[in-house]
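Okay, so the sequence shown: first residue is 1 according to full-length UniProt numbering, each after it adds one. Please read the structure below before turning to the comments.
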Amino acid sequence: MEEHWKLPYTKELEDAISANEVCVVGVFGKSTWGHTSKGCVINNLTNSASFNPHYPDYLRKNGVYHTPNVETLIPNIECSFDQQKKVLFLHLTTTYDTAELVRACAMMRNHLDNHSDFHDFWKNQEVEIAFSLLYLFSVCHVLILVHPVSIFDISYDKLFHHMTNLRTKVLPHIKDVLKGCSVGRDWWVNGRPCPPRLLFVMQRCHLSNLQVESSGAEHSTKKKKPPLKRLQHTIEDQIYKILRNSRVLTNSAVNCLFTVPPNQAFVHIMTEQFEKVKTEEDPIRSMLKLLRSSCETHRDPTARSRAYRLLTNPPTQWRDEEEDEIEDASNPLWAFLSQHTDLLLSKKGFKDSVGRNALPTHFEVPSLKQWLKVANNLYDLFFMKVKKVETVDETKPDINEKILEMRQELHAQIDPESRFSEARCSKLVSLASAAYQSNLPMHYTSKVHNNQLGQALSTYALHARGPARDKYEACVQAECEAFWNDGRRLCEVHSLTGRHCVHRFHDLPTDGKSQPDANPPKMAHSSRSRTIAASSCGRIQGPRDDPFTLQEANYDFYLRMDVQALPVISDADTFKFPVHERNDKQSMVSPELHCLVEQLHLGSDSSSSEKDVAARIRHRTVSGESDCQTSTQESDSEEQLDEAKPLPADDRQRTTSANYEFSLNSETMPEVQSMDYADDMPQKLTYTEGMMHSGLAEDILPLFSSWSLVRLGAFSSYIPAHGLEMPGFLPGTSFLVPWDISLQGEDTGATHWPVPGEARKLSLKETKLMQQDMTKAYVGYEYETPRGQRFICSAPDKAVKTSGNGIVRDPIQPLLDMDMPLYCTSPVSARSGKPLLGQLMRVYVATPPESNAHITLKPKVVPGPSPTPTFYPSQNEIVLRPNSLWVLRFPYVYVSDSGPHLQPKDLSQLSAWRVLKMISVDIDH
Numbered sequence: 001m002e003e004h005w006k007l008p009y010t011k012e013l014e015d016a017i018s019a020n021e022v023c024v025v026g027v028f029g030k031s032t033w034g035h036t037s038k039g040c041v042i043n044n045l046t047n048s049a050s051f052n053p054h055y056p057d058y059l060r061k062n063g064v065y066h067t068p069n070v071e072t073l074i075p076n077i078e079c080s081f082d083q084q085k086k087v088l089f090l091h092l093t094t095t096y097d098t099a100e101l102v103r104a105c106a107m108m109r110n111h112l113d114n115h116s117d118f119h120d121f122w123k124n125q126e127v128e129i130a131f132s133l134l135y136l137f138s139v140c141h142v143l144i145l146v147h148p149v150s151i152f153d154i155s156y157d158k159l160f161h162h163m164t165n166l167r168t169k170v171l172p173h174i175k176d177v178l179k180g181c182s183v184g185r186d187w188w189v190n191g192r193p194c195p196p197r198l199l200f201v202m203q204r205c206h207l208s209n210l211q212v213e214s215s216g217a218e219h220s221t222k223k224k225k226p227p228l229k230r231l232q233h234t235i236e237d238q239i240y241k242i243l244r245n246s247r248v249l250t251n252s253a254v255n256c257l258f259t260v261p262p263n264q265a266f267v268h269i270m271t272e273q274f275e276k277v278k279t280e281e282d283p284i285r286s287m288l289k290l291l292r293s294s295c296e297t298h299r300d301p302t303a304r305s306r307a308y309r310l311l312t313n314p315p316t317q318w319r320d321e322e323e324d325e326i327e328d329a330s331n332p333l334w335a336f337l338s339q340h341t342d343l344l345l346s347k348k349g350f351k352d353s354v355g356r357n358a359l360p361t362h363f364e365v366p367s368l369k370q371w372l373k374v375a376n377n378l379y380d381l382f383f384m385k386v387k388k389v390e391t392v393d394e395t396k397p398d399i400n401e402k403i404l405e406m407r408q409e410l411h412a413q414i415d416p417e418s419r420f421s422e423a424r425c426s427k428l429v430s431l432a433s434a435a436y437q438s439n440l441p442m443h444y445t446s447k448v449h450n451n452q453l454g455q456a457l458s459t460y461a462l463h464a465r466g467p468a469r470d471k472y473e474a475c476v477q478a479e480c481e482a483f484w485n486d487g488r489r490l491c492e493v494h495s496l497t498g499r500h501c502v503h504r505f506h507d508l509p510t511d512g513k514s515q516p517d518a519n520p521p522k523m524a525h526s527s528r529s530r531t532i533a534a535s536s537c538g539r540i541q542g543p544r545d546d547p548f549t550l551q552e553a554n555y556d557f558y559l560r561m562d563v564q565a566l567p568v569i570s571d572a573d574t575f576k577f578p579v580h581e582r583n584d585k586q587s588m589v590s591p592e593l594h595c596l597v598e599q600l601h602l603g604s605d606s607s608s609s610e611k612d613v614a615a616r617i618r619h620r621t622v623s624g625e626s627d628c629q630t631s632t633q634e635s636d637s638e639e640q641l642d643e644a645k646p647l648p649a650d651d652r653q654r655t656t657s658a659n660y661e662f663s664l665n666s667e668t669m670p671e672v673q674s675m676d677y678a679d680d681m682p683q684k685l686t687y688t689e690g691m692m693h694s695g696l697a698e699d700i701l702p703l704f705s706s707w708s709l710v711r712l713g714a715f716s717s718y719i720p721a722h723g724l725e726m727p728g729f730l731p732g733t734s735f736l737v738p739w740d741i742s743l744q745g746e747d748t749g750a751t752h753w754p755v756p757g758e759a760r761k762l763s764l765k766e767t768k769l770m771q772q773d774m775t776k777a778y779v780g781y782e783y784e785t786p787r788g789q790r791f792i793c794s795a796p797d798k799a800v801k802t803s804g805n806g807i808v809r810d811p812i813q814p815l816l817d818m819d820m821p822l823y824c825t826s827p828v829s830a831r832s833g834k835p836l837l838g839q840l841m842r843v844y845v846a847t848p849p850e851s852n853a854h855i856t857l858k859p860k861v862v863p864g865p866s867p868t869p870t871f872y873p874s875q876n877e878i879v880l881r882p883n884s885l886w887v888l889r890f891p892y893v894y895v896s897d898s899g900p901h902l903q904p905k906d907l908s909q910l911s912a913w914r915v916l917k918m919i920s921v922d923i924d925h
């Protein structure tokens, strides 16, 4: 049989020792690590090195540091059998030992996160320790409680109480296990071989064991006991009184968890032995001592064998046999224990019951083979390793499930902190929920939800205590989330102008029909914010709902407005920007829009036919939809938009083949050559669902045009004295700025100061010749506010000014040579006094009748500071037809891959949002 093993014992037992009767001694308690751990107590009892010192060597294995698993932090029982003394020693290692405690702390650092996890871990360890000790109390005759210092740890009293209650519940299951182990009746009835005796061993104190001599008369009468002896007696009295008052010890030893001898010592303080172990059994000190003795002593060649034996054996075996015999005779620890083990081995037993009618106690000394069988079966019971047996009665619960229930009950008993915390924190959940639900609107966003949730958690944290705090904090969060998601969650989608949808959480309808009663409801997004906007041509105004898609913002709204502007602009007067055309040619125009066109056609006096209107819609309709989203910003439609954070946009691109042909109208203007791009375009093109900007690759076309260029009429349709007769213009701001163009190639629109000495009057003939070489055009940059107020600027941040007869005297040069701001302050302020911003939406150009003056547009917009991309239409350069009044409509929103580019909150930064100079003229000589 091996000198040292762990339970359960699974190997074959030798026949020579299987029939030996054994006295089982269990050792448990608290100790330090290393060679001074409580394993040294057993080593001193057996004068051997049966149990190795406990070091936290798990931290380093093969030179690599690692962390222990939770499964390895269960109590272990080490065994050692002394054949000479017929004593079987059991050594229980738990987290009460410093080495195991260090292992647990290393595990907790990497696997546990919060206070409640730490608390549950330590309480689970206490449950494991209680079951392990109850196992020792069920299989041992004598138990030794080892403590590092000479005091009684009062926490053991509480632990013994829990073990007493637990033993009453586990006893029926112990008896079921003992039925098949061939034990005596008394052992089977009581579930243990005898009521075990509990002995206490303190490792050190600061007192000496020397006898104090008295002087005078006292010396002749009596002698005082040594201080160490008196301390032992004092500790025995304290322990006995504590255990008797707490009713752990009673008169009847049969019903007690353990007993203490009434007439024998049960406390031993091993001060001298501990100091000896501390100094002599230290491996480093012992090796140095051996090295020193080897250097001082002359050795003959025959002594090498002894030196070799000393070097290869542990320090406890460095003594000679004669020294061992001397130490056996003078081993106070063994003398302390042997007086209890001899009573069992001599068949006398323990008589620990007190009182007048003390009942005799049973005892049984089993053989080693018999004891190992009982120990293995009880080990499976206490550590939940009993194999499940198929029985006829399926309603009978498994024994492992019963033990698990007992563990849970014991956990509740030894954890009053959790019971208090559970009771307190459970009451606070309703209080925190009430704090969350106070002053809430019908529907609200995640921002409001997070603010209210923070207030609820603050209210909960103010009163919550104990390890259940984290558990019920999660319950508060779950309850608040459930309340929010129960029809009160606001849609988190934001419009392209920064406002969120006011509907509760919903899905978009697939067939265009709203289903508000569905779960979740199906409806379109709406921010309930409306502005007034004009059509692409600017002839009519109408309400605009806050757009949530790029196509709705820059295309669909203007398409609906344009078909209402009568007469409908013909296809010949519409410039077609290049767009990507799908192969299926499917139109994205809704049925409602078709019905609107039919109604307008029936009630219109215009000469446009239904065929022209349908052709107009067919040419201007493309498919595609943007998935762009923006961040939250709630403001009145009449006020300025606040700063918002854009969300990323989808920049998906696909490759297909298409041919494009662009012309201004070759049928009505034969002198202008049509522009055919079919040969210049590559066969393989990519498209974007967003807008054209400088961040895209070449040869990319949009699915729809965010820009619009239409011809309102001939040059003569603009009357300078009347201005633009369109709705929404502020008084005096609907006039275009005149532009004098020299047909000789010199622009007279610029004003030059005369050189001194060269100023002279022109003659009448020279004046007439100059007028014959001049032509006039008109230009105007129109800004539009959310209220629908429109005004034309003649320079950056300057509205056009006219005289009483409608003559504009502002120079044209700022409009030709300077960048214009994308946002300009309106001449009229809002109700609150806050200035209103107008966005550049249209540029009017009245081209002269002369065919040799070609005005070119190169629109480019930079909607923000660097690195904002530059936006432009799908055709960068556009030559306008002469003798026409053109209007270029800009996009309502500018969206790139990073999201929408909104106007800044700080008005001082408006200069970064600009429209690059875009108008030029070429003269054919």
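All C-beta atoms in this analysis are idealised placements derived from N, C-alpha and C, irrespective of residue type, glycine included. Remember, predicted model here, so these are calculated numbers, not experimental data.
Nearest-angstrom Cβ-Cβ length linking residue i and residue j, presumed shorter than 8 Å
| i | j | result |
| --- | --- | --- |
| Ala375 | Val170 | Actually they are not in contact, since the Cβ atoms of Ala375 and Val170 sit about 16 Å apart, beyond 8 Å. |
| Leu815 | Lys860 | Not quite, the Cβ-Cβ distance comes to about 15 Å (not below 8 Å), so this is no contact. |
| Ala468 | Ser421 | 4 Å |
| Ser717 | Met726 | Not quite, the Cβ-Cβ distance comes to about 12 Å (not below 8 Å), so this is no contact. |
| Pro738 | Tyr778 | 6 Å |
| Lys86 | Glu21 | 6 Å |
| Val895 | Leu701 | Contact doesn't hold; Cβ gap of about 16 Å is too wide. |
| Met561 | Ile540 | 6 Å |
| Ser246 | Leu359 | Going by Cβ atoms, the distance from Ser246 to Leu359 rounds to 22 Å, so no, they are not a contact pair. |
Alpha helix (DSSP H) segment containing residue i, residue limits
| i | result |
| --- | --- |
| Ser123 | Per the sequence shown, residue 123 should be read as Lys rather than Ser. Lys123 -> alpha helix (DSSP H) spans 115–139. |
| Lys175 | 155–178 |
| Ala190 | The sequence shown places Asn at residue 190, not Ala. Where Asn190 is concerned, the enclosing alpha helix (DSSP H) stretches over 185–190. |
| Trp334 | 332–345 |
| Lys241 | 227–245 |
Residue range of the unbroken beta strand (DSSP E) whose run includes residue i
| i | result |
| --- | --- |
| Tyr823 | 823–829 |
| Lys369 | Not the beta strand (DSSP E): Lys369 falls in the alpha helix (DSSP H), residues 368–382. |
| Asp545 | 541–545 |
| Ser80 | 76–82 |
| Asp15 | Unbroken run through Asp15 is the alpha helix (DSSP H), 15–18; no beta strand (DSSP E). |
| Leu101 | No beta strand (DSSP E) holds Leu101; the alpha helix (DSSP H) holding it covers 98–111. |
Minimum C-alpha distance to residue i - residue among the options
| i | options | result |
| --- | --- | --- |
| Leu428 | Leu696, Glu479, Tyr9, Pro520 | Glu479 |
| Ile77 | Ser495, Ala432, Trp5 | Trp5 |
| Val808 | Pro195, Gly838, Cys181, Leu736 | Leu736 |
| Ser705 | Thr94, Phe890, Tyr778 | Phe890 |
| residue 954 | Leu840, Val779, Gly833 | With the chain represented from 1 up to 925, any question about residue 954 goes unanswered, as that position is not in the structure. |
| Phe160 | Leu249, His119, Asn110 | Leu249 |
| Asn883 | Ser527, Val24, Thr870, Leu712 | Leu712 |
| Phe505 | Asn485, Pro547, Val149 | Asn485 |
| Val24 | Cys256, Ala474, Pro172, Leu198 | Leu198 |
Heavy atom of the ligand NAD within 6 Å of residue i beta-carbon
| i | result |
| --- | --- |
| Asp186 | Although the ligand NAD was asked about, the structure shown includes no ligands whatsoever. |
Proximity of residue i and residue j at Cβ, strictly below 7 Å
| i | j | result |
| --- | --- | --- |
| Glu128 | Pro75 | yes |
| Ala572 | Cys537 | no |
| Cys824 | Gly806 | no |
| Thr775 | Pro867 | no |
| Tyr687 | Leu709 | no |
| Gly728 | Gly804 | no |
| Leu90 | Gly26 | yes |
| Val800 | Ile792 | yes |
| Phe336 | His233 | no |
**OP:** Could I get the ranges of all uninterrupted alpha helix (DSSP H) runs contained in the stretch 427–477, with 4 residues as the minimum, in chain order?
**Re:** 446–463
**OP:** Counting only runs of 3+ residues fully inside the stretch 788–864, write out the beta strand (DSSP E) ranges in chain order.
**Re:** 790–795, 823–829, 835–847, 853–857, 861–863
Original post:
Hey, which unbroken runs of the alpha helix (DSSP H) at 4 residues or more fall wholly within the stretch 483–533?
Top reply: none
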